[in-house]
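Reviewing the structure listed below.
2 protein chains.
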Amino acid sequence: MTTITFGKLAIIGLGLIGSSLGHAAKRKNLVKVIAGFDADADVRARAAKLGFTDTVTETLEAAVKDADLVILCTPVGAYKSVAQAIAPHLKPGAILSDVGSVKGAVARDVGPFVPAGVHFIPAHPIAGTEFSGPEAGFASLFDGRWTILTPVPGSDEGAVAALKAFWEGCGAQVDVMEIAHHDLVLAMTSHVPHLIAYNIVGTAHELEQVTEGEVIKYSASGFRDFTRIAASDPTMWRDVFLNNREAVLEVLGRFNEDLSRLQRWVRDGNGEALFDLFTRTRAIRRSIISAGQDTAAPNFGRDKPKA
Amino acid sequence: MTTITFGKLAIIGLGLIGSSLGHAAKRKNLVKVIAGFDADADVRARAAKLGFTDTVTETLEAAVKDADLVILCTPVGAYKSVAQAIAPHLKPGAILSDVGSVKGAVARDVGPFVPAGVHFIPAHPIAGTEFSGPEAGFASLFDGRWTILTPVPGSDEGAVAALKAFWEGCGAQVDVMEIAHHDLVLAMTSHVPHLIAYNIVGTAHELEQVTEGEVIKYSASGFRDFTRIAASDPTMWRDVFLNNREAVLEVLGRFNEDLSRLQRWVRDGNGEALFDLFTRTRAIRRSIISAGQDTAAPNFGRDKPKA
Numbered sequence: 001m002t003t004i005t006f007g008k009l010a011i012i013g014l015g016l017i018g019s020s021l022g023h024a025a026k027r028k029n030l031v032k033v034i035a036g037f038d039a040d041a042d043v044r045a046r047a048a049k050l051g052f053t054d055t056v057t058e059t060l061e062a063a064v065k066d067a068d069l070v071i072l073c074t075p076v077g078a079y080k081s082v083a084q085a086i087a088p089h090l091k092p093g094a095i096l097s098d099v100g101s102v103k104g105a106v107a108r109d110v111g112p113f114v115p116a117g118v119h120f121i122p123a124h125p126i127a128g129t130e131f132s133g134p135e136a137g138f139a140s141l142f143d144g145r146w147t148i149l150t151p152v153p154g155s156d157e158g159a160v161a162a163l164k165a166f167w168e169g170c171g172a173q174v175d176v177m178e179i180a181h182h183d184l185v186l187a188m189t190s191h192v193p194h195l196i197a198y199n200i201v202g203t204a205h206e207l208e209q210v211t212e213g214e215v216i217k218y219s220a221s222g223f224r225d226f227t228r229i230a231a232s233d234p235t236m237w238r239d240v241f242l243n244n245r246e247a248v249l250e251v252l253g254r255f256n257e258d259l260s261r262l263q264r265w266v267r268d269g270n271g272e273a274l275f276d277l278f279t280r281t282r283a284i285r286r287s288i289i290s291a292g293q294d295t296a297a298p299n300f301g302r303d304k305p306k307a
Numbered sequence: 001m002t003t004i005t006f007g008k009l010a011i012i013g014l015g016l017i018g019s020s021l022g023h024a025a026k027r028k029n030l031v032k033v034i035a036g037f038d039a040d041a042d043v044r045a046r047a048a049k050l051g052f053t054d055t056v057t058e059t060l061e062a063a064v065k066d067a068d069l070v071i072l073c074t075p076v077g078a079y080k081s082v083a084q085a086i087a088p089h090l091k092p093g094a095i096l097s098d099v100g101s102v103k104g105a106v107a108r109d110v111g112p113f114v115p116a117g118v119h120f121i122p123a124h125p126i127a128g129t130e131f132s133g134p135e136a137g138f139a140s141l142f143d144g145r146w147t148i149l150t151p152v153p154g155s156d157e158g159a160v161a162a163l164k165a166f167w168e169g170c171g172a173q174v175d176v177m178e179i180a181h182h183d184l185v186l187a188m189t190s191h192v193p194h195l196i197a198y199n200i201v202g203t204a205h206e207l208e209q210v211t212e213g214e215v216i217k218y219s220a221s222g223f224r225d226f227t228r229i230a231a232s233d234p235t236m237w238r239d240v241f242l243n244n245r246e247a248v249l250e251v252l253g254r255f256n257e258d259l260s261r262l263q264r265w266v267r268d269g270n271g272e273a274l275f276d277l278f279t280r281t282r283a284i285r286r287s288i289i290s291a292g293q294d295t296a297a298p299n300f301g302r303d304k305p306k307a
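Those protein sequence lines, which keep their order, are chains A and B. As numbered in this note's numbering, the first sequence has no gaps in its residue numbers, which increase by one up to the final residue, 307. As numbered in this note's numbering, the second sequence has no gaps in its residue numbers, which increase by one up to the final residue, 307.
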């Protein structure tokens, strides 16, 4: 997979994912040249020093000009205006893709602007950290993780295959899925977990009887895990919830039903039901480790046994 | 803190915490001799090979005989019967303590059996991993973490000071707190976060529209963090919820109120409110890292940038 698959790659949005994509593409020489653009001049200046692109351009137009592959890496809330701005400058035959965590809204916001002859293939790499900005990116972010392509009906098979090869070159495994199903799966595996993490951290912040100092000191008892997720980029996550509302509310409804049942078990002192649930959930952890999607080290390896 | 503070330590229950306590006490020679007991013969046999005690006894009586410090490390549901069994054999002047995650129930279950002249001081080290059993323990588990002592009214100050010194010798920082407040603080920082983690993993397991294979493959998008907590010892956690019902239900009530509000923000598309919450929660993460209670490495350091 070290063959050059594209001539010019344009990365629009130079945060955690955009910068990681640049590093990953350069690691295996997947493209001849990478141009990057970010709406924030400060981010552009910092990105230019980091070397994950060959050039950082002052305009969207300059970034996408002659690009064979254009990948939107901004928060999804910005996609519509970006798509509108770049559409006239896209090269015929180019692939336009993205990395957004929701896909229905992307098809809705970007689709109408895509010129004939340009292949629009939404995509979503399932990878990230709680850090943001161009300095947060690294080449191995996608290694062993899954990237989901959600081609719109009638997509060119060759273009889909080329994009798949690109992501594999970045270290990812690739799946293809329908847009609506993607948005439901991610509501379950990502969006609702984030919502819940944000919520419990918010509750701890607002609870009068427990001080913030206490929450922080004793966080190693479980709470601190939630704070990592609840430290994710606020703009990105606001846009996720604004753009995957139906699926999030559907999964959240199920979560709430299940939590009411669990609450009743606690109230009734139903030890057997609690034990059964806690045993089932333990098995899922083991499957995730077997699938290579998490470390088997205790506490994620962060509290290492010392000599 | 390398002076010998106790002659004989008895560890009752040789799982993750009991074994870590043995390793930690031996690391700094905090006691002259350690006796261990576990109700499970297989655990006793495995523990005897691991070297974190000097002897593993066949009976509770033999373990606590002549012990200056007895620490209960079984699930809290077993405390009452253990306390009843060991009470006649406790040495006058000995300290009886524990490591349970709830303290009101411990005072209720153990207190009535404590003979005159024995110092009963409940305690709770805020440390652990998702693994169980004598092999899971390690000497540095308590390093830099907090142990909370919850002395009952009228406790001997010298005994409290000796137990504090013991835990500091194990690497912990020590706080003293009232029992009821401990149980509320831990409901917030530990019990409700665990309940929520168990619940979301259960929801993912039962949701018909998303397969278990999909949940596992795409878990790196956030879900996998919850599975670590939801892999914690089922017996221990059943006992926590059975024994801290009121505080858990109180904090859970607040969590539910806050989640309803958040759900409404999603439904209404209230991006400003979402962004504000997500920004506040990010700050709490930073405080936890500054306080040395978690790593600053992205993704807890588990997905390390590779060369």
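Ideal Cβ positions, reconstructed from N, Cα and C, are used throughout, including at glycine. Just so it is clear, the structure is predicted and the values come from calculations on it, not from any experiment.
May I ask which residues mark the beginning and end of the alpha helix (DSSP H) holding residue i?
{"i": "A/Ser81", "result": "79–86"}
{"i": "B/Phe241", "result": "234–243"}
{"i": "A/Phe166", "result": "157–169"}
{"i": "A/His205", "result": "192–206"}
{"i": "A/His23", "result": "16–27"}
{"i": "A/Ile126", "result": "Element bounds for A/Ile126: n/a, residue is neither H nor E."}
{"i": "B/Asp42", "result": "41–50"}
At what residues does the beta strand (DSSP E) containing residue i begin and finish?
{"i": "B/Gln173", "result": "173–176"}
{"i": "B/Gly7", "result": "6–12"}
{"i": "B/Thr279", "result": "It is not in any beta strand (DSSP E) - B/Thr279 instead sits in the alpha helix (DSSP H) that spans 271–290."}
{"i": "A/Ala35", "result": "31–37"}
{"i": "B/His181", "result": "Counting along the chain, B/His181 falls outside any beta strand (DSSP E), though it belongs to the alpha helix (DSSP H) covering 179–186."}
{"i": "A/Ile148", "result": "146–149"}
{"i": "A/Ile121", "result": "119–121"}
Please state if the CB of residue j and the CB of residue i are separated by a distance shorter than 8 Å.
{"i": "A/Arg46", "j": "B/Gly301", "result": "no"}
{"i": "A/Ala230", "j": "B/Thr281", "result": "yes"}
{"i": "B/Asp225", "j": "A/Asp225", "result": "yes"}
{"i": "A/Gly137", "j": "A/Ser260", "result": "no"}
{"i": "A/Ile34", "j": "A/Leu9", "result": "yes"}
{"i": "A/Arg44", "j": "B/Gly271", "result": "no"}
{"i": "B/Leu141", "j": "B/Val118", "result": "no"}
{"i": "A/Val174", "j": "A/Leu207", "result": "no"}
{"i": "A/Thr189", "j": "B/Phe166", "result": "no"}
{"i": "B/Gln209", "j": "A/Leu184", "result": "yes"}
{"i": "A/Val240", "j": "A/Ser132", "result": "no"}
{"i": "B/Val110", "j": "B/Pro151", "result": "no"}
{"i": "B/Val252", "j": "A/Gln263", "result": "According to the sequence as given, residue 252 of chain B is Leu; it is not Val. The answer is yes: Cβ separation under 8 Å."}
{"i": "A/Cys170", "j": "A/Ala67", "result": "no"}
{"i": "A/Val82", "j": "A/Leu60", "result": "yes"}
Can you pull the chain B residues whose beta carbon is under 7 Å from the beta carbon of residue i, in chain order?
{"i": "A/Val266", "result": "Phe241, Arg245, Val248, Leu249"}
{"i": "A/Arg254", "result": "Thr203, Leu207"}
{"i": "A/Leu195", "result": "Leu262"}
{"i": "A/Phe226", "result": "Pro193"}
Smallest Cα separation from residue i: which of the options?
{"i": "A/Ile284", "options": "B/Gly22, B/Lys217, B/Gly77", "result": "B/Lys217"}
{"i": "B/Glu178", "options": "B/His124, B/Glu250, B/Ala78", "result": "B/His124"}
{"i": "B/Ala139", "options": "B/Lys28, B/His205, B/Ala105, B/Ile71", "result": "B/Lys28"}
{"i": "B/Ile200", "options": "A/Gln173, A/Asn256, A/Leu207, A/Glu212", "result": "A/Asn256"}
{"i": "B/Asp268", "options": "A/Asp276, A/Ile289, A/Asn244", "result": "A/Asn244"}
{"i": "A/Thr279", "options": "B/Lys103, B/Val215, B/Thr227", "result": "B/Thr227"}
{"i": "A/Gly15", "options": "A/Ser290, A/Glu130, A/Ser81, A/Phe120", "result": "A/Glu130"}
{"i": "A/Ser287", "options": "B/Gln263, B/Val266, B/Ile17, B/Gly213", "result": "B/Gly213"}
{"i": "A/Ile95", "options": "A/Ala297, A/Ala116, A/His191, A/Leu249", "result": "A/Ala116"}
{"i": "A/Ala204", "options": "B/Thr211, B/Val192, B/Phe113", "result": "B/Val192"}
Just the chain B side, please: which residues come within less than 8 Å of residue i by C-beta, in chain order?
{"i": "A/Trp167", "result": "Ordered by position in chain B, no residue passes the 8 Å Cβ test against A/Trp167, which lies about 14 Å from the chain."}
What does DSSP give as the partner residues of residue i in its beta bridges?
{"i": "B/Ile71", "result": "B/Ile11, B/Ser97"}
{"i": "A/Thr227", "result": "According to DSSP, which records beta bridges pairwise, A/Thr227 is partnered with nothing at all."}
{"i": "A/Phe113", "result": "Bridge partners of A/Phe113: none, in fact."}
{"i": "B/Val56", "result": "B/Gly36"}
For residue i, which residues in chain A fall below 7 Å Cβ to Cβ?
{"i": "B/Ser190", "result": "Ser221, Gly222, Phe223"}
{"i": "B/Asn299", "result": "Thr129"}
{"i": "B/Pro151", "result": "By Cβ distance, chain A contributes nothing, its closest Cβ being about 18 Å from B/Pro151, past 7 Å."}
{"i": "B/Leu126", "result": "For clarity, residue 126 of chain B is Ile in the given sequence; the question names Leu instead. Ordered by position in chain A, the residues that pass the 7 Å Cβ test against B/Ile126 are Tyr218, Ala220, Ser221."}
{"i": "B/Ser155", "result": "The premise fails here: B/Ser155 is roughly 21 Å from chain A at the closest Cβ pair, so nothing lies under 7 Å."}
{"i": "B/Ala185", "result": "According to the sequence shown, residue 185 of chain B is Val rather than Ala. Near B/Val185 (Cβ distances below 7 Å), the residues of chain A are Val210, Glu214, Tyr218."}
Using the beta-carbon of each residue, which ones in chain B are nearer than 9 Å to residue i?
{"i": "A/Asp258", "result": "Asn199, Ile200, Gly202, Thr203, Glu206"}
{"i": "A/Gly271", "result": "Gly77, Arg238, Asp239, Phe241, Leu242"}
Check the Cβ of residue i against every Cβ in chain A and list those closer than 8 Å, keeping chain order.
{"i": "B/Thr235", "result": "Phe275"}
Query raised in the report: Taking a cut of 8 Å between CB atoms, which residues from the region 197–221 of chain B lie near chain D?
Result: In summary, chain D is missing from the structure at hand, where the protein chains are A and B.
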